[in-house]
Structures are given as C-alpha cells and as structure tokens.
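Sequential numbering of the sequence shown, starting at 220, is according to our numbering.
The next block holds one structure in the form of structure tokens; read it before the comments.
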Amino acid sequence: MTDNRKKLLVIRNGTLISGSGPNAVANDTIVIEGNRIRDIGPMPEGVQLADTKNVQVIDAQGKWVMPGLIDAHTHLSYGHPKLPGEARGKGTFRPELNTLRAAWNAQKVLRAGVTSISVPGGSWFTDVAVRDAVRLGLIEGPRIACASRMVATYGSIEDEDPSWTGTPDHSLGVLCNSAGDMVTEVRRQAKHGVDFIKLADSRSGDTQCISQAEMAAVVAEAHRRNLRVAIHSRGAGSTRDAALAGVDWIIHADLATDADLEIVAEAGVRVMPTATFVERLLTWGREVGQDVVQIDLTHIEQRMEKMGVMLQKLRALGITVLCGTDSGNYPWMPYGELHGNEPDIMVRYGGYAPMEAIVACTRNNAFALGLEDELGTVEKGKLADIIILDRDPVADISVLKSGASVSTIIKNGRIVDMDAQPPAEHMLAINGAATKKRSAA
C-alpha cells in the first residue's frame, strides 16, 4: 500500500458516482488530504500539480470513480475455503492458523475493491484481532466491523453439537438458553471489543428459537453499551419479533410474510437478504452435480425465486436494503470473487435501478460498520475510500462482480498496491505438496 499521507492525492477527470444517489457526473478534481476527502469539483486554488514532491496525481480520464465497495456479510474466520495442502485440523480447531488465514483472507477481499466489511460472526475474537491489526497498520485489509461468536439457543443455526457437549470453544455459537445468559454474553463480548452482537435463530427458519423478550433483552443491553444488534432470521415469526424488539438489521428474512415485512418497514429496520449465497449455491450445485451437493436443486431454484420476490417487496415497502454475500461461509464461497454480486442480483431479480444497487453496497452498508456519517459516499469531509473502474457500473452493474474492472483502490487515503497480491492459491498447493513430501521422507 502506497503511503501518500504526507502528500495531497489528486484524482483528475473521470465520471463521479458519489454513492449518495444522484446521477453520475463528469468531475474535474477530487483532492484527498490524509485520510479525508478535502475538495471535490473544480481544481482548488493553491494545489500545484507540478509539485510532485507534495502532490500525487491519478488521471481517471475515461474511467468511473465511486466509493469503495462494502460487503456487509463476510466471514473472515470460519476456516473456509480450506487451504490447499492443509493436512491437520478441521474448521476453527486451531486458532493460531485460523487467525493467520483470516488476515490473508482480508488482503484478498481488499484487492477486489472492497474497502470495508462487516463480519457478522466468527471464531473466538479472531476478527477483533484482525480488525485491530489492520487499523494499526500491521497488515493490509479492508476496514472491519465485527461481531464474535453468535448468541445461540438449542436449535439455533450454530447449535451443532449434542446437548451434553454444549458449545465447544471452537464452535461459532455460544449457547445461551435464557435472557439472562444472553445479556451476560453481550457484556462479555463488549468487554473484548466487538462492534456489534449477532443473534442466531434457526438455520432454515422453520422453527423460531429466540423469543421476542429475549431479543429485546439483548437489544437493550447492547444499545446501552453502544453496540448494535443483527440477527440471522429466515423465519416469519423471528423476523417480525426481531423488528418489534428493535434489532438494527435482519439478515435473510426470506420466509417473512407481507404482514411481517410491513412491521419491519414500520419499525425502520434494515434487511440484508444475502441473496448471493443462494444463487452461488445454485450455480455451484449445477457445476458439481446434485450428488455432490446433496441438496434438491429444484428447491434451491424455488428459494432463489422467492428471494427475488422478497427483494421486490422490500423495494416497494421502502425498506433499506444492505448488501452482503456470506463470503467465507462455505468452501464454495471464496474471498475476492463474489463481493459485487449482490447489487447485480438486486437489479436482475429485484427490479432495482443500477444506481439504487450501488447506493445499497456503499452508502447503505456504512450503517453495518457504524460509520454512516463517515463512509460510503464520495463527499467532502468523508473518509477517502474510493475505487476507480475501467467500465461503467451504471450502464452494466455486473462490472462490479469479481473486481476485474477495478484499476485503482484507495483505502483510508492510501493507494493499495495491486501488484503486491497475497500468495496465489496454486503456490499454496505447491507448498502444501512439498510439506507432505518432506513429512513422508
């Protein structure tokens, strides 16, 4: 990452997509000083472009300038995808390796044009450590806001072990079967520096596992400690009760009824559909075959259709949509490849205009980091997280997918070195094979 903090960084020309909603416009100059946007518009007096010692210029002629993407649902520390050649341990059993892997994952995310992420759940306090390492300049990565292990009950999405086992330390959920236990866990996680709390209802939404009263107790304690609350909720009852309990955003909500969504809208609660996960499951299943997936692909197709209908309902009700992909949640959800898929799905399935979808994955998503007044738009005084694209995302929203059209990434006022990539997958495979060979010898 190029350290230009002692210089002015000036972006000349280009078409500006501010992220605040208006149309894209031709722009003369963006001046970045430190980690903030100082000026936008005509070239300000006193800026001497010829003074290369103190001014660095990026020419964006024929390109598009917009806020850095924000993926509000990325799991850095779930242990997926596995590293080629990794022979020992499973999942998150080894916190030391898992922390290093999460730090490596963060670098891949950043170089896809994603300058900020929200991490709704992970192992131990791994994501807190990676967040702080990025903030302190020890490693590269996107700006991070994170929860820790999900607050779960019997039957919740991360209650995978037998009841007599409880929830081992390596699991992704913390078992809390009463409001009192949940409040205690909120206090514990707050002590260790999380940015928000993640509640976990049932995996598929067929059963409601957390009551409205329990949700309200978590919200009250979290808000008292200046933490927000998100919930994994697919079901109708849990989505309705989450809105009534005052959670800050609901993840999925795809089984909610029209009446439930009306309550969500009335409460002003945001929804994060995470449709990318469903579509990726469908495409991956078609690639490898139903025998490998072991899931009825017809059922997944129907889920995707329902997701599209829900997106249309959210838009009609005026519910603010947050964009998240669930990258890192499964082996087939790789980092650096899917982070721009959600706005594309919003356009194709939900009937959103491309600019609406861009706003969703920039300005709207800043809320999931607690930085809605600081981030997500290219405006004077805001944090300087900016990407420059070779192609027009308003004309074709799909250019945001995979980061292939990103030519320049600026995070916190500093240019990311696109050539300094983290180790390639094939090199890891070679190293892993070499390790096995030495072990065999």
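Backbone N, C-alpha and C define an ideal beta-carbon position, used for all residues, glycine too.
- Inclusion of H558 and D346 in the CB contact set at 7 Å is not warranted, their separation being larger than that value.
- Sixteen is the threshold: since fewer than 16 other Cβ atoms of the shown chains lie within 10 Å of the Cβ of Q513, the residue is exposed.
- Ranked by Cα distance from T426, the first of M285, R453, Y297 and V438 is R453.
- In the DSSP assignment, S337 falls outside any alpha helix (DSSP H) and lies within the beta strand (DSSP E) extending over V333 to V338.
- Less than 7 Å separates the beta-carbon of A366 from that of V413.
- A distance below 7 Å separates the beta carbons of D609 and S624.
- Under DSSP, no beta-bridge partner is assigned to S397.
- Within the model, the alpha-carbon separation for R582 versus M574 is close to 11 Å.
- Taken in chain order, the unbroken stretches of beta strand (DSSP E) that lie wholly in the stretch 220 to 280 and span 3 residues or more are 227 to 231, 248 to 252, 255 to 260 and 274 to 278.
- Secondary structure of D351 (DSSP, three-state): helix.
- Between R255 and L446, the alpha-carbon positions lie close to 25 Å from each other.
- Distance from the CA atom of T493 to the CA atom of H294, rounded to whole angstroms, is 13 Å.
- As for any alpha helix (DSSP H) of minimum length 4 sitting wholly inside the stretch 491 to 546, the runs are 494 to 507, 509 to 512 and 516 to 536, ordered along the chain.
- By a beta-carbon distance limit of 8 Å, D278 contacts R231. Their separation comes to about 5 Å.
- Your pair H299 and N548 checks out as a contact, with CB atoms roughly 7 Å apart and the cut at 8 Å.
- Y568 and K327 do not touch by the CB rule: their CB atoms are close to 27 Å apart, not below 8 Å.
- Beta bridge pairing from DSSP links R633 with K630.
- The beta carbons of I538 and V490 sit about 5 Å from each other, so the pair counts as a contact at 8 Å.
- Under the DSSP assignment, W468 falls outside any alpha helix (DSSP H), being part of the beta strand (DSSP E) whose first and last residues are W468 to H471.
- Segment contact: the stretch 433 to 445 against the stretch 397 to 415, three or more CB-CB distances shorter than 8 Å; contact assigned.
- Pairing V540 with M523 gives a Cβ-Cβ distance that is not under 7 Å.
- The distance from the Cβ of L235 to that of I251 is about 14 Å, inconsistent with a contact at the 8 Å cut-off.
- DSSP places R320 in the uninterrupted alpha helix (DSSP H) bounded by P314 to L329.
- In this structure, A576 sits near I616, with a CB-CB distance shorter than 7 Å.
- T345 sits in a helix when the DSSP states are folded into three classes.
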